[in-house]
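*Asks:* To start, I am sharing the structure in question, which I have written as C-alpha cells.
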Amino acid sequence: VLLVESGGGSVQAGGSLSLVCTFSGSYFSVSAWGWYRQAPGQVLGFVAAINRDGMPEYAPSVEDRFTISRDDTKNTVTLRMNSLKVEDTAKYYCAGFRGPTSRGATYWGQGTQVTVSS
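Just so you know, the sequence shown maps onto residues 5 to 122 in my numbering.
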C-alpha cells in the first residue's frame, strides 16, 4: 500500500489548508484512513480518521476545526483544516488502518509539513 501526501505549506494563524492523501496498491484490507502529526520534540499524535462507512473520528483538539473526508473514486482522503493555530504546526502523516484505530496504523505516508505562524 502506497500513501502519498500533498497540500502542506505555510499559513498564518486563523487560516486554512487542505491535505490530500492519495492511496494505491493492495489497500482492500484497509478499514480506515487517517492522519497523524508530529511536532518537533513531541510524540506522534492521532488527528483524525474515517472508516469505509464514512464515519469520522477526531482528536479533541481538532474536532471543531478539522474535517476528514474520502473520495473512493479518486482514491483520496482529504483533511480540511480551518482556524489553524500555531500549535497545529507539525509534520502530518497519512495512515491506513487494518483494524480499530485505537490499535494504531499499519501503513504510512512520508509526511507533509504544515507550518502555522502567528
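Idealized CB from N, CA, C, for every residue including glycine. Computed from a predicted model, the values in this text were never measured in an experiment.
1) How many Å lie between tyrosine 40 and alanine 17 at the Cα?
2) Output the distance between the C-alpha atoms of serine 121 and serine 14, rounded to the nearest integer angstrom.
3) Taking the continuous beta strand (DSSP E) assigned at leucine 88, which residues delimit it?
4) Check whether the stretch 46 to 54 and the stretch 112 to 120 touch, using three or more Cβ-Cβ pairs below 8 Å as the test.
5) Should arginine 84 and phenylalanine 70 be called a contact, given that it needs their Cβ atoms to be closer than 8 Å?
6) Among Val5, Leu23, Leu7, Asp92, which residue has its Cα nearest to the Cα of isoleucine 72?
7) Please specify which runs of the beta strand (DSSP E), each continuous and at least 3 residues long, are wholly inside the stretch 11 to 80, giving them in chain order.
8) How many angstroms separate the CA atom of tyrosine 96 from the CA atom of glutamine 42?
9) Bridge partners for serine 110 per DSSP, in chain order?
*Replies:* On the basis of the supplied data:
1) 20 Å
2) 8 Å
3) That residue, leucine 88, is in no beta strand (DSSP E); it is neither H nor E in DSSP.
4) no
5) yes
6) Leu23
7) 13 to 16, 21 to 28, 36 to 42, 49 to 55, 60 to 62, 70 to 75
8) 7 Å
9) At residue 110 the sequence reads threonine, which differs from the serine that was named. Partner(s): none; threonine 110 has no beta bridge.
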